[in-house]
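One structure is given here, and the rest of the page talks about it.
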Amino acid sequence: MNIIKSMCLCITLSFLSPILIHAQQRDVVVLLHGLGRGKSIMTPLKERLDTSGFITRVVDYRSIGRTPEEIIKDVSDQLTAFRLDTFRTVHFAGHSLGGLLIRAYLDSVTLPNLGRVVLIGSPSKGTPFVDHFRDTWWMKIAGPAARALGTDAKSFPRTLHTPHYPVGIIAGKYRTFNNDDFIPGEDDGVVPVESTKVEGMTDFILVEVSHSSLPRNEEVAEQVKEFLRKGRFKRTAVEP
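Written out as structure tokens, the structure is:
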């Protein structure tokens, strides 16, 4: 019986070893969706990264009715299961709340193979949208995580550390008239442009896309690829 077990183990390792070696020679991009969404919203970005030679992993988590701490635990467990240590470099890209969850995760772990991080429309300073609607019935249904995204000093975004890794910020700009009275300056319909910025950010770019459309937008995908590869966003000839 021991001989049979040993033979099975050898056969298994003979198949796994090339897979692990191949993974160690490639970069992985971990994608996280935003509040109230599912992994399918990240499919367009995932497919564009896949065709560009990246390996991708998508974290799928439930956010409605949960606290930030519960979601972070869920996300951390999934990331552990991904065996990120088997890849050459680990990059992250997250939309909205997903970006904040990436920051929270990286506050709590040390990844020797950590690469670059892209935050897409993430309210790193909170958003007045939540301040304005916090006590509405639908915000109460959305739950603690949604209501923790305001601008007050105790909000979830305000608890996060200053990034110690290369981080690129993509902010959306989308003209609406129903929120001009409570969201100052330019915004994507939900998050002010200024709220997306973080201290020490490596690069920043503004795209004319609404908040909900950011993860599916082709220009956003191209900018994510550019930053992950070069550490800078792509500029046009007319940009400063």
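Sequential numbering from 273 applies to the sequence shown in the working numbering. For each residue, glycine too, the CB sits at the ideal point set by N, CA and C. These numbers were taken from a predicted model, which means no experiment stands behind them.
Practice item. Measuring alpha carbon to alpha carbon, tell me which of Val-331, Asp-459, Leu-432 ends up nearest Leu-356. Key: Position 84 of the sequence shown, counted from the first residue, corresponds to residue 356. The residue with the shortest Cα to Cα distance from Leu-356 is Val-331.
Practice item. Pull up the distance between the alpha-carbon of Arg-388 and that of Tyr-437, whole angstroms please. Key: Residue numbering aside, residue 388 sits at position 116 when the sequence shown is read from its first letter. Residue numbering aside, residue 437 sits at position 165 when the sequence shown is read from its first letter. Roughly 7 Å between the two C-alpha positions.
Point to revise | Assigned exposure category for Arg-360 - 16 Cβ within 10 Å defines buried | key: Numbered from 1 along the sequence shown, position 88 holds the residue referred to as residue 360. So Arg-360 ends up on the exposed side.
Review point. Quick one: what's Arg-329 bridged to in DSSP?
Key: Translated into positions along the sequence shown, residue 329 becomes position 57. Partner(s): Val-302.
Exercise for review: Answer with buried or exposed for Arg-309, where buried requires no fewer than 16 other C-beta atoms within 10 angstroms of its C-beta.
Suggested key: The residue you call residue 309 lines up with position 37 of the sequence shown. It counts as buried.
Practice item. Could you check the C-alpha separation between His-305 and Lys-318 for me, to the nearest Å? Key: Taking the first residue of the sequence shown as 1, we reach residue 305 at position 33. Taking the first residue of the sequence shown as 1, we reach residue 318 at position 46. If you take the alpha carbons of His-305 and Lys-318, they lie about 11 Å apart.
Review point. Since Gly-243 is in the beta strand (DSSP E), which residue starts that stretch and which ends it?
Key: It is not possible to answer for residue 243, since the shown part of the chain is limited to 273 through 512.
Check your understanding: Leu-486 and Ala-417 look like a contact to me (Cβ under 8 Å); what is the Cβ gap, rounded to whole Å?
Key -> Residue numbering aside, residue 486 sits at position 214 when the sequence shown is read from its first letter. Residue numbering aside, residue 417 sits at position 145 when the sequence shown is read from its first letter. Going by Cβ atoms, the distance from Leu-486 to Ala-417 rounds to 19 Å, so no, they are not a contact pair.
Check your understanding: Hey, which unbroken runs of the beta strand (DSSP E) at 3 residues or more fall wholly within the region 431-511?
Key -> 439-444, 475-479
Exercise for review: Starting from the C-beta of Glu-491, find all residues in its chain whose C-beta is less than 6 Å away, skip the five residues before and the five after it, and write them out in chain order.
Suggested key: Here residue 491 is taken as the residue at index 219 of the sequence shown, counted from 1. Cβ within range, chain order: Val-479.
Check your understanding: How about the region 390-409 and the region 457-467: do they share at least three Cβ pairs that are nearer than 8 Å?
Key -> yes
Practice item. Report the option in Phe-476, Thr-448, Met-411, Gly-461 whose CA atom is closest to the CA atom of Gly-337. Key: Numbered from its first residue, the sequence shown carries residue 337 at position 65. Of Phe-476, Thr-448, Met-411, Gly-461, the residue nearest in Cα terms is Met-411.
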